[in-house]
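No gaps in the numbering here: position 397 of the sequence shown is 397 in the numbering used here, and each next residue is one more.
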Amino acid sequence: MSSQHELILILDFGSQYTQLIARRVREQGVYCEIHPFSTSLDRIKELNPKGVILSGGPSSVTDEDAPRLSKEFYANVNVPILGICYGMQLIAVDLGGQSQPAYEREYGHAQLKRQSGPTRLFSNLPEELDVWMSHGDHVTELPEGFHKTASTGDVITAIENPESNIYAVQFHPEVAHTPKGKDILRNFLFYICSVEGDWTPAQFIEEEVETIRETVGPDDRVVCGLSGGVDSTVAAMLVHKAIGDRQTCIFVNNGLLRYREFEDTLRMYKNNLHLNVIGVDAADEFYAALGKQSKPEKKRIAIGKTFIDIFDAEAKKIGGVKWLVQGTLYPDVIESVPIHGSSVTIKTHHNVGGLPEKMHLKLIEPLSELFKDEVRIIGADLDIPDEILQRHPFPGPGLAVRILGSVTRPKVELLQKVDKIFIDELKENELYGETWQAFAVLLPVKSVGVMGDFRTYETTIALRAVNSTDGMTADWTRLPLDFLAKVSSRITSEIRGVNRVVYDITSKPPSTIEWE
Ligand code: XMP
């Protein structure tokens, strides 16, 4: 795909913001890819970028083992370069200037003042800008040919060398706390790199559909596992658009889904999206595989293995299947950089890990170049209902990781009803979209309560709601107290067997989002 489009290359030095840079570039209609800082010059030339952005990173350029670029990079890359934070310090040091540790780390808002004199990066921008800083080192001596274009207090905040087409900023233009950051990136992309902006989600659909058609060929059959979530649904719809009913989707009920989710979602797949889908109700098999198991990892393994067996058996019934569709996203395939503290960690949850190997199938991953927000945009273009596109993430092992200890059908049914009250209330009070993920957890804890004249000794429910962008880190959502009071009162009055509701106020880290 990338070869057909103008490309901006982001070299990753391990910043937590690297993916954010990529999203900001794509929001401007410009295709970009993240590659490790160690990518060879030959490979860079092959990628044929229109510009290169050097990301920030946790290292100090003064460290002996700091990540560096090859000597020939600057002289031979022959396209504009923008360094951000660590990227700026690296440019300064590599080209003969100096960068030194500051007395203390600068973190947070700062006010930037432009220098008088020419600047291409800040073209048409105000003399003073609010910016977001996060750095320990800063540039103290400019390399030859560079001039300072902005400062914050005594710190050199931006430099450029228009002759060699190299630009650098100490702050983070990609974060929302730098309100004019978008304009700065736009100047780099459209004015300095002269891109036209030829990448849109709608075009993506057209091209991807064509690619899938060519890849699969005229006769092959394809299977796709649907989960009810955004990624698998959008992937299946793209493949459906390309090859129609030669794709068979398999939606497995593991007995651990949300309230009526299997029936409702299956109906939507068939009636609204017109997918060629088989619904497999395998709840009994999953409960049998779980048995009395109470250890989190063992539960996950039992569910994963059962899923693979069932999926494999269903696919064999179809016969002649050569391909497996997976909704893998771009953040899952970005090669991580070998720097301590790098943000780019490959996800450890593999719901269907081992499936392609077991079935000897080739993979189709139509979303592997996209971020989640782009998948939602494409999903809307494909007329997938909001109910799926805006649905909160849901773990592959389902409610099994929200029932602490052993899993039984009555426990699942109880939790489904509790969860439905919480989610219905969130939707009714227009809070569903305000939190990234919300759910209830069934604790293996009984406590004493009182109901009328009777003492009770019953189960405890924990409610959890978090805000996050990618699930890697999360903060607990500050839901209104009156709202929580209402949910708690509904749960204890409507669900028999629950006499206490608590709200989880821990962030990730140190907790995880799910309780198991
Ligand atoms: P944790 O609990 O690791 O979860 O903080 C981060 C995000 O991942 C989801 N999650 C899973 N998703 N398969 C999935 O597809 C899994 O096995 C799995 N476990 C956790 C979790 O719901 C949260 O959004």
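The beta carbon of each residue, even a glycine, is placed where N, CA and C say it ideally should be.
Could you check if residue i is buried or exposed, using at least 16 other CB atoms within 10 Å of its CB as the buried criterion?
{"i": "L481", "result": "exposed"}
{"i": "D475", "result": "exposed"}
{"i": "F454", "result": "exposed"}
{"i": "S343", "result": "Caution is warranted here: a pLDDT of 42 is assigned to S343, below 50, making its placement in the model unreliable, and no coordinate value can be reported."}
{"i": "G327", "result": "buried"}
{"i": "Y457", "result": "exposed"}
{"i": "K50", "result": "buried"}
{"i": "S232", "result": "buried"}
{"i": "A75", "result": "exposed"}
{"i": "I156", "result": "buried"}
{"i": "S99", "result": "buried"}
{"i": "P179", "result": "exposed"}
{"i": "M451", "result": "exposed"}
{"i": "Q89", "result": "buried"}
{"i": "T408", "result": "exposed"}
{"i": "N253", "result": "buried"}
{"i": "T265", "result": "buried"}
{"i": "I378", "result": "buried"}
{"i": "P201", "result": "buried"}
{"i": "Y269", "result": "buried"}
{"i": "I318", "result": "exposed"}
Within a Cβ cutoff of 6 angstroms, which residues of the same chain sit near residue i, ignoring the five residues on either side of it in sequence?
{"i": "T348", "result": "For T348, the predicted structure reports a pLDDT of 40, less than 50, and the residue's modelled location is therefore unreliable. The matter cannot be settled from this model."}
{"i": "E335", "result": "P36"}
{"i": "F13", "result": "F37, S55, G57, P67 and Y86"}
{"i": "R221", "result": "R246, G320 and V321"}
{"i": "D517", "result": "In the structure as shown, the chain starts at 1 and stops at 516, and residue 517 therefore has no counterpart that could be examined."}
Just to confirm my understanding: we take residue i, look at its own chain, exclude 5 residues before and 5 after, and list those with CB closer than 7 angstroms. What are they?
{"i": "E136", "result": "It should be noted that the sequence gives Gly, not Glu, for residue 136. Around G136: S60, P101, A102 and R105."}
{"i": "E72", "result": "L41"}
{"i": "S70", "result": "L41"}
{"i": "V502", "result": "T460 and A462"}
{"i": "T506", "result": "W476"}
{"i": "Q293", "result": "K299, A302 and S406"}
In this structure, does DSSP put residue i in helix, strand or coil?
{"i": "E430", "result": "coil"}
{"i": "V292", "result": "The question names Val, but residue 292 is Lys in the sequence shown. Note: K292 maps to coil in three-state DSSP."}
{"i": "H177", "result": "coil"}
{"i": "Q19", "result": "helix"}
{"i": "P524", "result": "No information on residue 524 is available, as it lies outside the stretch 1 to 516 that the chain covers here."}
{"i": "R260", "result": "coil"}
{"i": "A485", "result": "helix"}
{"i": "Q28", "result": "coil"}
{"i": "L389", "result": "helix"}
{"i": "K508", "result": "strand"}
{"i": "C271", "result": "Contrary to the premise, residue 271 reads as Asn rather than Cys in this sequence. DSSP places N271 in helix when its eight states are reduced to three."}
{"i": "L399", "result": "helix"}
{"i": "V498", "result": "strand"}
{"i": "T473", "result": "coil"}
{"i": "T306", "result": "helix"}
{"i": "R9", "result": "A small correction: the amino acid at residue 9 is Leu; Arg does not occupy that position in the sequence shown. Strand at L9."}
{"i": "V523", "result": "The structure shown does not extend to residue 523, since the chain spans only 1 to 516, so no value can be given for it."}
{"i": "A236", "result": "helix"}
{"i": "Q4", "result": "helix"}
{"i": "I378", "result": "helix"}
{"i": "G228", "result": "coil"}
{"i": "A530", "result": "Lying outside 1 to 516, the shown extent of the chain, residue 530 is not represented and no answer is given."}
{"i": "I492", "result": "Looking at the sequence itself, residue 492 is Thr, so the reference to Ile does not match. Helix."}
{"i": "I44", "result": "helix"}
Which same chain residues, not among the five before or five after residue i, have their C-beta less than 8 angstroms away from its C-beta?
{"i": "P162", "result": "P118 and R120"}
{"i": "S447", "result": "Y457, E458, T460, N499 and R500"}
{"i": "G244", "result": "N276"}
{"i": "V445", "result": "T459 and T460"}
{"i": "L7", "result": "Y31, C32, E33, L47, N48, P49 and K50"}
{"i": "W199", "result": "H5, E6, R26, G29, V30 and Y31"}
{"i": "L20", "result": "E174 and V175"}
For residue i, is the beta carbon positioned less than 7 angstroms from some heavy atom of the ligand GTP?
{"i": "Q111", "result": "By its list of ligands, the structure shown excludes the ligand GTP, since it contains just the ligand XMP."}
Does the region 251-259 come close enough to the region 201-213 that 3 or more CB-CB pairs lie under 8 angstroms?
no
Could you pull out every unbroken alpha helix (DSSP H) segment of at least 4 residues lying fully inside the region 182-226, listed in chain order?
201-216
In chain order, what are the residue ranges of uninterrupted beta strand (DSSP E) at least 3 long that sit wholly in the region 127-159?
128-141 and 147-152
Length at least 3, wholly inside the region 410-465: the beta strand (DSSP E) runs in chain order
437-451
Say whether the region 73-91 touches the region 157-173, bearing in mind that this needs 3 or more beta-carbon pairs closer than 8 angstroms, one atom from each stretch.
yes
Examine the Cβ distances between the region 460-476 and the region 377-389 and report whether three or more of them are shorter than 8 angstroms.
no
Which ranges does the alpha helix (DSSP H) cover as unbroken runs of at least 4 residues, wholly within the region 75-133, from first to last along the chain?
86-94
Quick one: any contact between the region 411-421 and the region 489-497, if contact means 3 or more CB pairs under 8 angstroms?
yes
Does the region 427-445 touch the region 274-286, meaning 3 or more C-beta pairs lie closer than 8 angstroms?
no
Does the region 217-225 come close enough to the region 236-251 to have 3 or more Cβ pairs within less than 8 angstroms?
yes
State whether the region 396-406 contacts the region 300-317, with contact taken as three or more CB pairs (one from each stretch) at a distance under 8 angstroms.
yes
Touching by the beta-carbon criterion (3+ pairs, under 8 angstroms), the region 173-188 and the region 137-148:
no
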